[in-house]
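Engineer:
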Amino acid sequence: MRAFIMLITAIALLTLGCSQEGAKTGEELFRAKCSGCHPDESKFPDYLGENAEKWKEGIKKMIDTGRVQLKQEEIDLIAKFLEEKYRR
1 MRAFIMLITA
11 IALLTLGCSQ
21 EGAKTGEELF
31 RAKCSGCHPD
41 ESKFPDYLGE
51 NAEKWKEGIK
61 KMIDTGRVQL
71 KQEEIDLIAK
81 FLEEKYRR
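At the far end of the sequence shown sits residue 88, using full-length UniProt numbering, and the numbering has no gaps.
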């Protein structure tokens, strides 16, 4: 029984560690998901200096066009990256 509990614990820890490997930063996500159409990310005049919530509005407009699919967590990370990068 003790060996079984140790095995289950080891599997859980391994799984948790593997799920963290896929985590990306907002910048990495932007480069992977957005830079194909937005290679020069400085061309966002309507959003420069805006907070992450405003950036999310713009990102959601792109999702609505069907050009990109993003999870909510990815939207949040990209918006935070853009907010920090273009803070006035």
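Virtual Cβ for every residue (Gly too), placed ideally from N, Cα, C.
Since the model is a prediction, treat every value here as computed from it, not as a measurement.
What runs of the alpha helix (DSSP H), each 4 residues or longer, lie entirely inside the segment 29 to 76?
Structural biologist: As far as the segment 29 to 76 is concerned, its whole alpha helix (DSSP H) runs of at least 4 residues are 52 to 64.
Engineer: Take Arg-88 and list the residues in its own chain whose beta-carbon comes closer than 6 Å to its own, dropping the five residues that flank it on each side.
Structural biologist: Mapped onto the sequence shown, residue 88 falls at position 88. Around Arg-88: Gly-49.
Engineer: Under a Cβ-count criterion, where at least 16 other Cβ atoms within 10 Å of its own Cβ denotes burial, should Ala-32 be classed as buried or exposed?
Structural biologist: One-based indexing of the sequence shown puts residue 32 at position 32. Per the 10 Å Cβ criterion, exposed.
Engineer: Report the option in Val-68, Lys-54, Met-62, Cys-34 whose CA atom is closest to the CA atom of Lys-80.
Structural biologist: Residue numbering aside, residue 80 sits at position 80 when the sequence shown is read from its first letter. Comparing Cα positions, the closest option is Lys-54.
Engineer: Please say whether Gln-69 and Ile-63 have beta carbons closer to each other than 8 Å?
Structural biologist: Here residue 63 refers to the residue found at position 63 when the sequence shown is read from its first residue. Here residue 69 refers to the residue found at position 69 when the sequence shown is read from its first residue. In this structure, Gln-69 lies closer than 8 Å to Ile-63 by Cβ.
Engineer: Just how far apart, CA to CA, sit Lys-61 and Met-1?
Structural biologist: Your numbering for residue 61 matches position 61 in the sequence shown. Your numbering for residue 1 matches position 1 in the sequence shown. Distance between the alpha carbons of Lys-61 and Met-1: 54 Å.
Engineer: CB-CB under 6 Å to Glu-74, same chain, minus the five flanking residues each way: which ones, in chain order?
Structural biologist: Along the sequence shown, one-based indexing puts residue 74 at 74. Taken in chain order, the residues that qualify are Leu-29.
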